[in-house]
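Quick note on numbering: the sequence shown equals residues 4 to 185 in this note's numbering.
For reference, the structure discussed in these notes is given below.
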Amino acid sequence: MAEVYVGTKFQTIFVRKTPPTDASTGALLAWCRQWAQAGWIAKATGNLSFRTGGGFIITPTGTDPVTLTINDFVEVIGVDEKEVRVAGTREPSSECRMHAAIYAARPDVNAVFHGHYAPALQLTSVAITTHEVPYGTPAMATETVQALGAGNFVVMRGHGFVAVGLAMRAAHAAAVEVLARL
Ligand SMILES: [Zn+2]
């Protein structure tokens, strides 16, 4: 949690400058509002996504979830070492690299919800990443995928948590199942 947010750590290439039209984007917005209310995401912390035919739709970077609108979401259609290719009008979440890595490793996962919640960092009975690494880096993506394994919840050491599922509702349920114990 000590690391200060400094924006995205990649170059965004806008393939199309139009907001995503996927019908499920409204549901993602509703989950963002609910997670903001729970205190699991806030301005510039936490990011939620769901898989699409061409990639995934994710929250934009550095936006307050309370004022977020459906047109702010960004479809990520390609990620490599330095660049992220998107369709949308905003820059994608700085942690979209981690979402891409989870979707690539887990064909059974169609939703990735990442939150920041200090009490979750004290959990010891769940999967947890081995090292504390800077956000938005390939190392963070690798660490998270490895620690998550075939599970549906992982704590990112010193940073936050990720819940995944077959659908958005399942990713939310995976978070509730663990965080309700705190
Ligand atoms: Zn984070």
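Where is the CB? At the ideal position from N, CA and C, for every residue including glycine.
Start and end residues, alpha helix (DSSP H) containing residue i
{"i": "A178", "result": "M171 to L182"}
{"i": "A33", "result": "T28 to A41"}
{"i": "I105", "result": "C99 to A108"}
Exposed unless 16 or more other CB atoms sit within 10 angstroms - verdict on residue i
{"i": "P23", "result": "buried"}
{"i": "T133", "result": "exposed"}
{"i": "G58", "result": "buried"}
{"i": "P95", "result": "buried"}
{"i": "D75", "result": "buried"}
{"i": "Y8", "result": "exposed"}
{"i": "G42", "result": "exposed"}
{"i": "I44", "result": "buried"}
{"i": "E98", "result": "buried"}
{"i": "I73", "result": "exposed"}
{"i": "E180", "result": "exposed"}
{"i": "E78", "result": "buried"}
{"i": "G49", "result": "buried"}
{"i": "L71", "result": "buried"}
{"i": "E146", "result": "buried"}
{"i": "P122", "result": "exposed"}
{"i": "T21", "result": "exposed"}
Contact belief for residue i with residue j at Cβ below 8 Å, rounded distance in angstroms
{"i": "G118", "j": "A178", "result": "7 Å"}
{"i": "V149", "j": "K85", "result": "It is worth fixing the name first, because residue 149 is Gln in this sequence and not Val. So it is not a contact: roughly 22 Å between Cβ atoms."}
{"i": "L169", "j": "D83", "result": "Not quite, the Cβ-Cβ distance comes to about 27 Å (not below 8 Å), so this is no contact."}
{"i": "L51", "j": "F156", "result": "The pair is not a contact, with the Cβ atoms about 15 Å apart (cut-off 8 Å)."}
{"i": "V158", "j": "V129", "result": "6 Å"}
Bridge partners - residue i, DSSP secondary structure assignment
{"i": "T15", "result": "V87"}
{"i": "P95", "result": "P63"}
Residue i, enclosing beta strand (DSSP E) - first and last residue
{"i": "G168", "result": "G163 to G168"}
{"i": "V112", "result": "No beta strand (DSSP E) holds V112; DSSP gives it neither H nor E."}
{"i": "V7", "result": "Segment: none, V7 is in no beta strand (DSSP E) and carries neither H nor E."}
Next item on the list: Output the residue ranges of the beta strand (DSSP E) runs that lie fully inside the region 46-88 and measure 3 residues or longer, sorted by chain position.
Entry: Every beta strand (DSSP E) stretch that sits fully inside the region 46-88 and reaches 3 residues is listed by chain position as 50-54, 59-61 and 77-82.
Check: Fully enclosed by the region 119-152, which alpha helix (DSSP H) runs are 4 residues long or longer?
Finding: Fully enclosed alpha helix (DSSP H) runs of 4 or longer: 141-151.
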